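Protein chains in written order, with the numbering used here: chain V, 40 to 473; chain B, 39 to 382; chain A, 2 to 337.
Ideal Cβ placement from N, Cα and C applies to all residues, glycine included.
Here the structure is a predicted model, which is why all the values come from computation and not from measurement.
For reference, the structure discussed in these notes is given below.
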Amino acid sequence: MDNIDAQRVGELRVLIAGFLKKRLDDKLDKLKDDDPKRGELHAQFTPANWLENAACRVSQIQAVTHSLKPIHPDAKGTSLYSPPHVQPILTVVGSHCLGDGFTSDVVGNAAALDVYKFLKLEHRGRSLLAFSLARDADLAAALSSDPAQAQAWMAAFAGLTERRGRVVSHTLAKQLYWLTGEDPHDDANFHLLAPLYATSLAHHVYQAVQDDRFSEEAMAARKAKKEGEYSARPVRQYPDLVIQKLGGTKPQNISQLNSERRGDNLLLASLPPAWRSIDVKPLLVSNSMFPRFSRRAEVRQLVKALLAFLKADPIQNLKTRKRRMELVNGIIDEFLQFSAELRFLPSGWSQTPACRLSSPEKYWLDRDGVEWALTSEGMPLPTDNAERVSALFANWLNAQLRDPLPMGDPEFLEWRNRMCEEIKAEERESRHDN
Amino acid sequence: MATTALKTASVLAFERKLDPSDALFFSGSWGQRTASQEWPAVSVREKSVRGTISNRLKTKDQDPAKLDAAIENPNLQTVDVAALPADADTLKVGFTLRVLGGAGTPSACNNADYQRKLQSTVKGYVDTHGFAELARRYACNLANGRFLWRNRLGAEQISVRVAQLVNGQPAQAWTFDALALSLRHFDAPSEAAAALAQLSALIAEGLAGNRHVLLQVTAFVGMGAGQEVFPSQELILDKAKTTKSKTLYTVSGIAGIHSQKIGNALRSIDDWYAGAEENGPIPVEPYGSVTTQGKAYRKPTDKADFYSLFDNWLLKDRTPAAEQQHFVLATLIRGGVFGDADKE
Amino acid sequence: MTTEQTRNKALLVLPRLRVQNANAISSPMTWGFPAITAFTGLMTALTRLLGPDAGIAFYSVGIVCHSFEPQVTQGGYTRSFHLTRNPVLQDGSTAAIVEEGRAHLDITLVFEVELAAALLSEAERAQLAAHIGDVLAGMRIAGGSVVPPLPGKFRNPPRPSLKLVSDDPEERRKEFRKLSRRLLPGFALVSRDDLLQTRLAELQKTTLGATLLDAWLDLSRLNHRAVRQKTVDEKTGDTIETVEWVTDSRPGWIVPMPVGFAALSELHDPGTVAGARDPNLPFQFVESVYSMGQWINPLRLTDISDLLWEPFHDSGLYRCFNAYQAPSPLPVSPTT
């Protein structure tokens, strides 16, 4: 009942014959004209012989979308073929995002990779593997005139995507417990999850990133940017990208795609803001803490937003007030974060001659250093520092907004009082704790 | 009762029970050791070096003009170096060591029968020997300053202070003259015997899980002002990425020795292998491997490796000699993944 | 989820934990701060270690990072990990290097818990908090060891605390503000699932077939775009075209992050998978799934729930959720 499309069969035959001829020629080229092995090779590469052999060897490899070896190169166990279309659509990113154009990987005996290359041959955009999976009648006719033989081969080829052997994990594989029930003390309330490496997904990301880094179009865009020229293509940067090597000097032991990536696994940076204690430097030379504070991205953004909001001259209602307070509170929050970073420096940094901050700033940012210096000289500690620092803050904020807004005393008082409340609350707490 | 042959669990892993922190470097004067809290950190700085012509010059190369040409085209590179300042003669190396109980209890094991056998075997060991022998050796490696590695060589004097921390404060402390202790054996000189015995007892209690043990170890190495000191070197495979040929380890800008390297020194207690007389103690490793020598002293062919001993002990009830039992337990304290997937 | 009747809700704060050599490879496609699942996993492990008689139940965990020191190479366009040499093999040859990424962290963990009635007094709570601090010190956090703070960081290192959560919203807000101040300097990790959806919608306007993955990548990188601007020369009246390169603005410190796992296989019955670490549990192959997160000044959070992450499971999706809702975007132009 199968309708055989003779033209299609013919094209498939040509495709297969071409593949075999190319491989045969490559091998023959390495031999001398009178080498007796030439005859052997010719026999090996007749379609019937090669296909029979390939149908046997296909069991040594497996097409996968998710592999185990990248988790640990010595782990042995199940890898999976789970194409995007069988996965549920999620609101988070995963392999399900890949369309039908995904690239599958292959694991197993590298000596059988030629079979994989054969099955990846495409006829009108469809691979021989897809033909085999669909038990395509035309491919059957192209493979062999013996229908039983052709069916057996196709079945073997279709097995490429099937899980090999029983389901196995490994002591070196990652396996984690996930609580699925209410009571974590009940052993039965867990699932064991074994993450595999999403090699098709990783490959897609690899190609996208490589394209952004090294393609001609990307290079041209970078050049345009450098020279201030126009480019339709944006310049894309992946800051702090890590290149992790999988498989060491033998990336082919991990998988075919890993080998194509030369073992490079790209890791996107997921870093907390880059402040480490080592990066926070004492405030020296400058006679105010605010220039450094103003340079922080969050502060710039908030000040800009506040300025834009006030410039638009919003109507004086509760909503406007709330919005304005939100923005000012945001700036105050950033100021407290900024201060806390400097307070984490080893105390006493403000007492060097290079530090030209005003006294209230020194006391605000290096309390212990100032207290030590004052008490050792028998001097009293300041009692109004909260007010003085708040006033400095209010002055600074007014200065940010004054051009073009007419900032004056009422605004100064508002900013100062808000900041002062925060500082006083903080002081009350730290007294209470000690 | 019919017995089915017991098999090694296919998933079997142990966490390390001696867990050191990185060791950090500070500098000061030998006479100011009691005020060492205030000592400044040793930092690492970059130094440009000219690559030297390291091959012996051939006769035909001994042409002055040719040599000049080579120097004009120097192989410029930078390396990290660390040294004591000119006014400091003493290196302070500080780290903490957490001693955890539960040696022999796997963090992962998927065979209940095996785990029961493991538990009873370890219990048998503890009932017979306790952790005294192992603790004594770990204590020695604190007291003798083995963890200082290259910084121990050529030191004029070394004082190691070990304090037990309780709620962040030192509860009791011992001081050792490190150079009076040998690196070759674990016999304590009489003047250190009492302190070592107390420290050993504390470590043994920690390993037994009787109490929470956290030690603060501080070594003062008198080496002379301005001397070079030796933090860990980073292992960077892709040299193309860095113009530096040597990168030293720092933590928050402070030169230091990797915790792994400290752990390696502390577990250098294995002198129960063939060849120990000449070679001295080596770090406890399943195959007795010594990376610096590129050699493994406990080969499976000699049935002296951890797996052979452990399997014989657990699976075949062939109890190893006492010192090999120590080795097996020390390997469990070291931790690792020991599952045998092929046995399933 | 907790219900109205739970009155004994409390916050357990484990402040300024220093974690050495934590796993910095958070997933097959991301590196940096350890995965959020490492912390929800820690919560479960801690619960189990304390045992059912401890009288404390854990619901969710909040993470504040005070400092982060990754062990990676500096300089150049890309980074690679500082590695450790493994012991030589039995034949004395060098073992293959399996690249592991490590980082040192200073973090504060905040757990939302519920206490048994017997543990409500201040003394009981203080004792339990100290005990949990001790237990945690012997555990691994994201594969790293808990070590004492670096020398010279604190005169008095802050202690674990366990405080009851007030029923009064105003009081709760005040308490949280107070807690947030103590989390400085530092940044809290919150979820920005919303950005993924918004960016996807934006991309789909211009690019046919844009996917969530495209949106994720777009948010994970810096995009610089050329913009043509036409100005009229006042003297000549000619139109001059200039090009300005602008960088997409980022609404805060945004990072790609793994948020959990999605099933790839059926749920295998207990004992049917060889090499499973526990033969008594159902077993499932999974892959990491990703979303966006934000590192935010804790003072910008308004409620404790903004800080907390909770593990969740529903038919093959295993992921962590956080309830933070970003305020409406700030009206700023894209040039920042």
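For this session: Compare the C-alpha of residue 70/B against each of 79/B, 57/B, 257/B, 128/B and name the closest.
Result: The residue labelled residue 70/B in the question sits at position 32 within the second sequence. Nearest option by C-alpha distance: 128/B.
Problem set entry | Whether residue 174/V touches residue 191/V by CB criterion (9 Å) | As a first step, residue 174/V must be located in the first sequence, where it is residue number 135. As a first step, residue 191/V must be located in the first sequence, where it is residue number 152. In this structure, residue 191/V does not lie closer than 9 Å to residue 174/V by Cβ.
Problem set entry | Straight-line Cα distance separating residue 426/V from residue 466/V | On the first sequence, position 427 is the one that residue 466/V refers to. On the first sequence, position 387 is the one that residue 426/V refers to. For residue 466/V and residue 426/V, the distance between alpha carbons rounds to 12 Å.
For this session: Take the Cβ of residue 292/A as the centre, count every other Cβ of all protein chains shown within 10 Å, and call the residue buried at 16 or more, exposed below.
Result: Position 291 of the third sequence holds residue 292/A. Burial call: buried.
Exercise. Residue 170/A to residue 176/A, Cα distance in whole Å?
Worked result: By 1-based counting over the third sequence, the position of residue 170/A is 169. By 1-based counting over the third sequence, the position of residue 176/A is 175. Cα to Cα, the separation comes out at about 10 Å.
For this session: Give the DSSP-derived three-state secondary structure of residue 293/A in the structure shown.
Result: Start at 1 with the first residue of the third sequence, and residue 293/A comes out as number 292. The answer is strand: DSSP assigns residue 293/A an E or B state.
For this session: Classify residue 53/B as buried or exposed, calling it buried when 16 or more other Cβ atoms lie within 10 Å of its own Cβ.
Result: Residue numbering aside, residue 53/B sits at position 15 when the second sequence is read from its first letter. Counting Cβ neighbours within 10 Å, residue 53/B comes out buried, since at least 16 surround it.
For this session: Assign residue 136/V to one of two classes, buried (16 or more other C-beta atoms within 10 Å of its C-beta) or exposed (fewer than that).
Result: Your numbering for residue 136/V matches position 97 in the first sequence. Residue 136/V comes out buried.
Problem set entry | Distance between beta carbons of residue 219/B and residue 182/B, contact taken as under 8 Å | Here the question's residue 182/B lines up with position 144 in the second sequence. Here the question's residue 219/B lines up with position 181 in the second sequence. Right, their Cβ atoms sit about 4 Å apart.
For this session: Leaving aside the five residues before and after residue 49/V along the sequence, list all residues of the same chain whose C-beta is less than 7 Å from its C-beta, in chain order.
Result: The sequence position of residue 49/V within the first sequence is 10, counting from 1. Excluding residues within five positions, none has a Cβ falling inside 7 Å.
For this session: Starting from residue 128/B, trace the beta strand (DSSP E) both ways and give me its first and last residue.
Result: By one-based count along the second sequence, residue 128/B stands at place 90. It spans 128-137 - the beta strand (DSSP E) in which residue 128/B sits, taken as one unbroken run.
Exercise. Which residues in the same chain as residue 212/V place their Cβ atom closer than 8 Å to its Cβ, once the five residues preceding and following it in sequence are excluded?
Worked result: By 1-based counting over the first sequence, the position of residue 212/V is 173. So the qualifying residues of the chain are 107, 110, 111, 114, 116, 233.
For this session: Could you please tell me which residues of the region 202-236 of chain V, in chain order, have their CB closer than 7 Å to any CB of chain B?
Result: 209, 210, 211
Exercise. Hey, does residue 166/A have any beta-carbon neighbour from chain V nearer than 9 Å?
Worked result: Here residue 166/A is taken as the residue at index 165 of the third sequence, counted from 1. With 9 Å as the cut-off, residue 166/A does not count as an interface residue toward chain V.
Problem set entry | Assigned secondary structure, residue 25/A (DSSP; H/G/I helix, E/B strand, else coil) | Here residue 25/A is taken as the residue at index 24 of the third sequence, counted from 1. Residue state, collapsed to three classes: coil.
Exercise. So with Cβ pairs under 9 Å, would you call residue 59/B a contact of chain V?
Worked result: Here residue 59/B corresponds to residue number 21 of the second sequence, with the count starting at 1. Not one chain V Cβ lies under 9 Å of residue 59/B.
Exercise. Any beta-carbon of chain A closer than 9 Å to the one on residue 184/B?
Worked result: Your numbering for residue 184/B matches position 146 in the second sequence. It does not; no Cβ of chain A falls within 9 Å.
For this session: Specify whether the region 143-158 of chain B and the region 264-281 of chain A touch according to this definition: at least 3 beta carbon pairs, one from each stretch, less than 8 Å apart.
Result: yes
Problem set entry | Where the beta strand (DSSP E) through residue 162/A begins and ends | Within the third sequence, residue 162/A is the residue found at index 161, counting from 1. Element bounds for residue 162/A: 162-165.
Exercise. Are any of the Cβ atoms in chain B nearer than 9 Å to that of residue 108/V?
Worked result: Here the question's residue 108/V lines up with position 69 in the first sequence. Not closer than 9 Å to any Cβ of chain B, the Cβ of residue 108/V fails to qualify, so no.
Problem set entry | residue 381/B versus residue 43/B - alpha carbon distance | Translated into the one-based positions of the second sequence, residue 381/B becomes position 343. Translated into the one-based positions of the second sequence, residue 43/B becomes position 5. Below a pLDDT of 50, predicted positions are generally treated as unreliable, and residue 381/B, at 47, falls in that range; the measurement from the model is reported next regardless. Their backbone Cα atoms lie some 11 Å apart in a straight line.
Exercise. Taking Cβ positions only, does residue 91/A come closer than 9 Å to chain B?
Worked result: What you label residue 91/A is simply residue 90 of the third sequence in a count that begins at 1. So yes, residue 91/A belongs to the interface.
Exercise. Taking Cβ to Cβ, would you say residue 372/B is nearer than 9 Å to residue 301/B?
Worked result: Residue 372/B sits at position 334 when you count from the first residue of the second sequence. Residue 301/B sits at position 263 when you count from the first residue of the second sequence. In contact: residue 372/B and residue 301/B (Cβ atoms closer than 9 Å).
For this session: List the whole-angstrom C-beta distance separating residue 208/B from residue 254/B, where the pair is believed to meet the contact cut-off of C-beta under 8 Å.
Result: What you label residue 208/B is simply residue 170 of the second sequence in a count that begins at 1. What you label residue 254/B is simply residue 216 of the second sequence in a count that begins at 1. So it is a contact: roughly 7 Å between Cβ atoms.
For this session: Starting from the Cα of residue 461/V, find the closest Cα among 243/V, 429/V, 392/V and give me that residue.
Result: As a working mapping, residue 461/V is identified with position 422 in the first sequence. The shortest C-alpha separation from residue 461/V is found at 429/V.
For this session: With 7 Å as the limit, tell me which residues of the region 268-296 of chain V have their beta carbon closer than that to any beta carbon of chain A; keep them in chain order.
Result: 268, 269, 270, 273, 274, 275, 276, 277, 278, 279, 280, 281, 282, 283, 284, 287
For this session: Spell out whether any CB of chain V is found under 9 Å from the CB atom of residue 87/B.
Result: Start at 1 with the first residue of the second sequence, and residue 87/B comes out as number 49. No, because no Cβ of chain V sits closer than 9 Å to the Cβ of residue 87/B.
For this session: Only counting runs of 3 or more residues, tell me where the beta strand (DSSP E) segments fall wholly within the region 233-273 of chain A, in order along the chain.
Result: 240-248, 254-264
Exercise. For the region 108-122 of chain A against the region 59-68 of chain A, are there 3 or more C-beta pairs whose distance is under 8 Å?
Worked result: yes
Exercise. Rounded to the nearest angstrom, how far is the Cβ of residue 135/B from that of residue 58/B, given a contact under 8 Å?
Worked result: Residue mapping note: residue 135/B aligns to position 97 of the second sequence, counting from 1. Residue mapping note: residue 58/B aligns to position 20 of the second sequence, counting from 1. Rounded, the Cβ-Cβ distance is 5 Å, consistent with contact.
Problem set entry | Short-range partners of chain V found in the region 273-289 of chain A, where Cβ spacing is below 9 Å | 273, 274, 275, 276, 277, 278, 279, 281, 282, 283, 284, 285, 286, 287, 288, 289
Exercise. CB residue 242/B to CB residue 293/B, shorter than 9 Å?
Worked result: For the purposes of this step, residue 242/B is taken as the residue at position 204 of the second sequence. For the purposes of this step, residue 293/B is taken as the residue at position 255 of the second sequence. Cβ atoms of residue 242/B and residue 293/B: not closer than 9 Å.
Exercise. Shortest alpha-carbon distance to residue 193/V belongs to which of 179/V, 371/V, 332/V, 321/V?
Worked result: By 1-based counting over the first sequence, the position of residue 193/V is 154. For the residues 179/V, 371/V, 332/V, 321/V, the minimum Cα distance to residue 193/V belongs to 179/V.
Exercise. What are the start and end residues of the beta strand (DSSP E) that includes residue 145/A?
Worked result: Position 144 of the third sequence, counting from 1, holds the residue named residue 145/A. Per DSSP, residue 145/A belongs to the beta strand (DSSP E) from 145-148.
Exercise. Where do the ends of the beta strand (DSSP E) carrying residue 320/A lie?
Worked result: Counted from its first residue, the third sequence places residue 320/A at position 319. Unbroken beta strand (DSSP E) run through residue 320/A: 318-323.
For this session: Find out if the Cβ-Cβ distance for the pair residue 295/B, residue 64/B is shorter than 9 Å.
Result: Within the second sequence, numbered from 1, the residue matching residue 295/B stands at position 257. Within the second sequence, numbered from 1, the residue matching residue 64/B stands at position 26. No.
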